[in-house]
Amino acid sequence: MNELIPLMVIVPMMAALLLSAFSKFNKVIKCLALVVGICLPIIPLASNYGLHFFGGYQPIMDNVTNVIYHPAITYSFDFMQQIFIAMIGLLTFLVIFIYLTKYKKASGSYLFLLFMGTAAVTALILTDDIFHMFVFFEILALAQVGIVAASSIDYSYEMALKYMILGAIGSPMMLLGIGFLLAMTGTVNVTDIVSIIRGGLLDVTSPVFLLSLGLIFFGWLYASGLPPFHTIKSGIYSKAEPHGAALLQSFTVISMISIVLIMFRIYSTLPIFEVLVVFFSVVAMILGVSMALTQTDFRRMIGFLAVGELGFIGLGIGLGTQYALTAGLFQALNEIVITALLFIGFGAIVHATNEVDTRKLGGLLAYHPKVGIMLLAGGLAMAGVPPLSGFQSKLMLVQASLSCGYPELSILAIMVSIATFVVFVKTFYSMFLSPKPHDLEVVDNEVPKAMVFAMAVLLIVIIALGIFPDVVTSGISNYVGGLLP
Amino acid sequence: MIEFILMIITIVSAILALIQKDLLKAAILTGFSGGALAVLFQILLAPDVALTQAIVGAAIVPVFIALAVKKTQRGDA
Amino acid sequence: MMAETQLAILFTSIALVVIGLYAAIFVDNIIKKIIGISFIEEGANLFIVGIGYKAGGIVPILMPNMNTTWFASNASYPLPYGLVLTSIVIGASTLAVMLSLVMVLYKKYGTLSTKEMLADTSKQEEYNE
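Residue numbers (the working numbering), protein chains in the order written: chain L, 16 to 500; chain R, 3 to 79; chain W, 505 to 633.
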């Protein structure tokens, strides 16, 4: 049923609009949000693979030159898109569930932002059109700013404004890059651009082509929070509500991989593209982990660790072989789940103690053993301890960089994994195992059941992916094989 | 010829908007720049873009800025 | 004459982007920063319109009794114009969101200076403790 492909974007978007329209009726929006949340992971699983042309404009074949043109906005739906959209749907459902059980009075506009963000990333990963990508990139930035500004944490407005100003500088840059591509090729469809480049109709060594790479790359760095934007990205994670942060980081990961895959298809003939991606990924890995080491606020620490993990994804994509790309995308899938688990778990701790400073916490294992153990499992998965899912993807990355002839990159990846382990275990020790400080008051002994439920679901996914990675990697590998020239 | 004049108006009013001490004048000059750009779009054979730019660039954006200035402060301090 | 116009469009759009970037990075007043950002967007829009412009061409509207071959060889390229329409509206909405955040923050700080408003927030938290 190919008709379901546009519904993946339309359903959350319509839900968002309805929720903000009926925000006065508390019961109605709660039911609607829950129903749509359940639908979100089911739609991609029920849909068939294929292409969708908006407006029904089928590709046109030019009889004289035998070139195929795509006049419509095209969505392409394959195994990779299916698994990522199902995962973001599951995560959105869990976040909505946590939000609805936490507050008696649900805010329609906050739910609007959550659903709008989901719709935007879904469109980003489905689309085959660079201008469509730009539009949803902007919508995603606005939704992220809204989610941050809506939180009740101090200084969230300042962080939102900072992120917005940087985004408003980054997105016209990206638009200019798209404009340069449009000027050279006359089309915005990625498949058409790729066929023009492969057909040798475009001079790939021209400075204009390089300039367009630079401008789109700048927008990508902003969207994915790689250096120099790593501080602002971890900042917005720490200023959002914990469940909001869990969703924000998945938005970041998906926008990162969808934009970089489009760039990979267009620019993979340029050797400098892979050098740039690997360079910024390595810097992100080193900076993320080293800055996480110095943080005392654990939300900020997880934010920096998440940025460091993004570097692994970029490393896999920058290496550019089929195995490396598969490893990078598998790492992206794992990171979405693992970081969401960590944000929700630490959110439960904030809920129970009203304290975010690791120096002032301690002895929480006696109060919250379930949360503690699940958090430990999540942290170990992030650091890459077998048999959890992070281990599988990091092992694949190390093997990929060895087989590409860069042993130094694999050594670096292993060292960063070890540093991640150290950072996590240090924080875990001071929060859960060290003796309880006298002035610490555990305000609320009950951790919300919804949070425990969400963590359990995510932990099951982590363990399942760790034991049976082939379920995902073989499908992703087939998809990646189709992208390579 | 007129397109060159419009381009110069756009750039000069943009620079003037940024060196004003009074933010309300800056908002009005932003509208000037947007309006000149709208006429320029009309000359560059894009009448549909020109209509949108005339509404957004010459009316909505300066009004938004002027409202924000009214709610905050007028001087550039 | 024909190439001159396109060169002038390119220079104007680059000038707008550079002026906007200068304002967005170096000017302290937050509202002027936002005005600068709107100039960057206008520069990008003008550049994309310049792609579609065909010197000496006609507006890409096909009238009923027009010769299609003549139209095809003279009309300017309409795809960029459609894109610019979207990006103008996006720019206006981004501007509105930024200005509303500024209005909220002005109530808290009583100033429009970026240095005081958006100073390193982590430092401010330490003062509070």
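Ideal Cβ placement from N, Cα and C applies to all residues, glycine included.
| Counterpart residues of Y90(L) in DSSP-defined beta bridges | Here residue 90(L) is taken as the residue at index 75 of the first sequence, counted from 1. BP columns for Y90(L) point to H67(L) and T142(L).
| Could you give the distance in angstroms between the alpha-carbon of F37(L) and the alpha-carbon of A158(L)? | Numbered from its first residue, the first sequence carries residue 37(L) at position 22. Numbered from its first residue, the first sequence carries residue 158(L) at position 143. If I take the Cα positions, the gap works out to 19 Å.
| query | Is there a Cβ from chain L that is less than 8 Å from the Cβ of E630(W)? | reply | Locating residue 630(W) in the third sequence gives position 126, where the first residue counts as 1. For E630(W), the predicted model reports a pLDDT of 45, less than 50, meaning its position is unreliable and no value from the coordinates is stated.
| request: State the beta-bridge partners of G586(W) as determined by DSSP. | output: Mapped onto the third sequence, residue 586(W) falls at position 82. For G586(W), which the question treats as bridged, DSSP gives no partner whatsoever.
| Per DSSP, V179(L) is paired with what? | Here residue 179(L) corresponds to residue number 164 of the first sequence, with the count starting at 1. For the sequence presented, residue 179(L) should be read as Met rather than Val. Bridge partners of M179(L): none, in fact.
| task | Mark N632(W) as exposed unless 16 or more other C-beta atoms lie within 10 angstroms of its C-beta, in which case mark it buried. | result | Along the third sequence, one-based indexing puts residue 632(W) at 128. Residue confidence for N632(W) is low, a pLDDT of 42 falling below 50, so the modelled location carries little weight; the figure read from the coordinates is stated next. Flag for N632(W) reads exposed.
| query | Can we say the segment 30-46 of chain R touches the segment 567-575 of chain W, given the rule of at least three CB pairs closer than 8 Å? | reply | no
| query | What residue does the alpha helix (DSSP H) around I287(L) start on, and which one ends it? | reply | As a working mapping, residue 287(L) is identified with position 272 in the first sequence. Segment P286 to T309, the alpha helix (DSSP H) holding I287(L).
| message | Short of 8 Å in beta carbon distance, which residues of its chain neighbour E630(W), apart from the five on each side in sequence? Order them along the chain. | response | For this step, residue 630(W) is matched to residue 126 along the third sequence. Residue confidence is low: E630(W) scores 45 on pLDDT, short of 50, so the model does not pin down where it sits. Its coordinate-derived value is still stated next. Contacts found: none.
| said: Given this structure, state the Cα-to-Cα distance separating I328(L) from A363(L), to the nearest angstrom. | reply: The residue given as residue 328(L) occupies position 313 in the first sequence. The residue given as residue 363(L) occupies position 348 in the first sequence. When rounded, the distance between both Cα atoms is 28 Å.
| request: Please list the partners that L622(W) has in chain L, where partner means a Cβ-to-Cβ separation under 8 Å. | output: Here the question's residue 622(W) lines up with position 118 in the third sequence. Within 8 Å Cβ-Cβ: E173, L176 and K177.
| Is DSSP giving D24(R) helix, strand or coil here? | On the second sequence, residue 24(R) is found 22 positions in, with the first residue counted as 1. Looking at D24(R) - three-state DSSP - the assignment turns out to be strand.
| task | Report yes if the C-beta distance between L356(L) and G393(L) is below 8 Å; otherwise report no. | result | One-based indexing of the first sequence puts residue 356(L) at position 341. One-based indexing of the first sequence puts residue 393(L) at position 378. Contact flag set, yes.
| query | Going along chain W, which residues have a C-beta under 7 Å from F43(R)? | reply | As a working note, residue 43(R) is residue 41 in the second sequence. Ordered by position in chain W, the residues that pass the 7 Å Cβ test against F43(R) are V553.
| field | Span separating the alpha-carbon of Q628(W) from that of S617(W) | value | Indexing the third sequence from 1 puts residue 628(W) at position 124. Indexing the third sequence from 1 puts residue 617(W) at position 113. Low confidence applies here, because Q628(W) scores a pLDDT of 47, under 50, leaving its location unreliable; read the following figure in that light. Cα to Cα, the separation comes out at about 16 Å.
| By the 10 Å Cβ neighbour count, where 16 or more other Cβ atoms means buried, how is W235(L) classified, buried or exposed? | Translated into positions along the first sequence, residue 235(L) becomes position 220. That one is buried.
| message | Tell me which residue opens and which closes the alpha helix (DSSP H) that I83(L) is part of. | response | Position 68 of the first sequence holds residue 83(L). Segment V82 to Y84 is the beta strand (DSSP E) holding I83(L); no alpha helix (DSSP H) there.
| Is DSSP giving I168(L) helix, strand or coil here? | For the purposes of this step, residue 168(L) is taken as residue 153 along the first sequence, with counting starting at 1. It is coil, neither helix nor strand.
| Can you find a C-beta in chain W that's less than 8 Å from the C-beta of L190(L)? | Reading the first sequence from its first residue, position 175 is the one you call residue 190(L). With 8 Å as the cut-off, L190(L) counts as an interface residue toward chain W.
| To which residues of the same chain is L410(L) closer than 8 Å at the C-beta, ignoring the five residues directly before and after it? | Reading the first sequence from its first residue, position 395 is the one you call residue 410(L). So the qualifying residues of the chain are G399.
| task | With 9 Å as the C-beta to C-beta threshold (strictly closer), list the residues of the segment 143-170 of chain L near chain W in chain order. | result | F146, F149, V150, E153, I154, A156, L157, V160, G161, A164, D169 and Y170
| request: Could you name the residues of chain W that L66(R) contacts, counting a contact when the two beta carbons are closer than 7 Å? | output: The residue you call residue 66(R) lines up with position 64 of the second sequence. In the sequence under discussion, the amino acid at residue 66(R) is Phe, which differs from the Leu named in the question. Ordered by position in chain W, the residues that pass the 7 Å Cβ test against F66(R) are L599, A600 and L603.
| message | Taking only three categories from DSSP, how would you classify N549(W)? | response | Numbered from its first residue, the third sequence carries residue 549(W) at position 45. Note: N549(W) maps to helix in three-state DSSP.
| said: So the candidates are G185(L), T116(L) and H383(L); which of them puts its Cα closest to the Cα of E461(L)? | reply: Start at 1 with the first residue of the first sequence, and residue 461(L) comes out as number 446. Of the listed residues, the one whose Cα sits closest to E461(L) is H383(L).
| query | Would you say the segment 59-79 of chain R touches the segment 569-588 of chain W, given that touching needs at least three Cβ pairs under 8 Å? | reply | no
| field | Sub-8 Å separation of I491(L) and F94(L) beta-carbons | value | Numbered from its first residue, the first sequence carries residue 491(L) at position 476. Numbered from its first residue, the first sequence carries residue 94(L) at position 79. Going by C-beta atoms, I491(L) is nearer than 8 Å to F94(L).
| field | Outcome for K254(L) when other beta-carbon atoms lying within 10 angstroms are tallied against a minimum of 16 | value | Taking the first residue of the first sequence as 1, we reach residue 254(L) at position 239. K254(L) comes out buried.
| said: If I follow the unbroken alpha helix (DSSP H) through I328(L), where does it start and stop? | reply: Translated into positions along the first sequence, residue 328(L) becomes position 313. I328(L) -> alpha helix (DSSP H) spans F313 to L334.
| field | Straight-line gap, A596(W) to S35(R) (C-alpha atoms, nearest Å) | value | Residue 596(W) sits at position 92 when you count from the first residue of the third sequence. Residue 35(R) sits at position 33 when you count from the first residue of the second sequence. Cα to Cα, the separation comes out at about 15 Å.
| request: Output the distance between the C-alpha atoms of K441(L) and L391(L), rounded to the nearest integer angstrom. | output: Position 426 of the first sequence, counted from the start, is the residue given in the question as residue 441(L). Position 376 of the first sequence, counted from the start, is the residue given in the question as residue 391(L). For K441(L) and L391(L), the distance between alpha carbons rounds to 11 Å.
| query | Between G554(W) and the rest of its own chain, which residues show a CB-CB distance below 7 Å, the 5 nearest in sequence each way excluded? | reply | Translated into the one-based positions of the third sequence, residue 554(W) becomes position 50. Excluding residues within five positions, the ones whose Cβ falls inside 7 Å are Q510, I513, L514 and S517.
| said: According to DSSP, is G399(L) part of a helix, a strand, or is it coil? | reply: By one-based count along the first sequence, residue 399(L) stands at place 384. Three-state result, G399(L): coil.
| message | Classify M505(W): buried if its beta carbon has 16 or more other beta carbons within 10 angstroms, exposed otherwise. | response | As a first step, residue 505(W) is located in the third sequence; it is residue number 1 there, counting from the start. Note on M505(W): pLDDT 45, under 50, position unreliable in the model; no value is reported.
| message | By the DSSP assignment, the beta strand (DSSP E) with I75(L) in it spans what residues? | response | Along the first sequence, one-based indexing puts residue 75(L) at 60. I75 to D77 is the span of the beta strand (DSSP E), which, as asked, contains I75(L).
| query | Buried or exposed: where does F224(L) fall if 16 or more other Cβ atoms within 10 Å of its Cβ makes it buried? | reply | Walking along the first sequence from the start, residue 224(L) turns up at place 209. Burial call: buried.
| task | Could you name the residues of the same chain whose beta carbon sits closer than 6 Å to that of V431(L), not counting the 5 residues immediately before and after it, in chain order? | result | To locate residue 431(L), count along the first sequence from 1; it is residue 416. For V431(L), where only same-chain residues beyond five positions count, the Cβ hits under 6 Å are M300 and V304.
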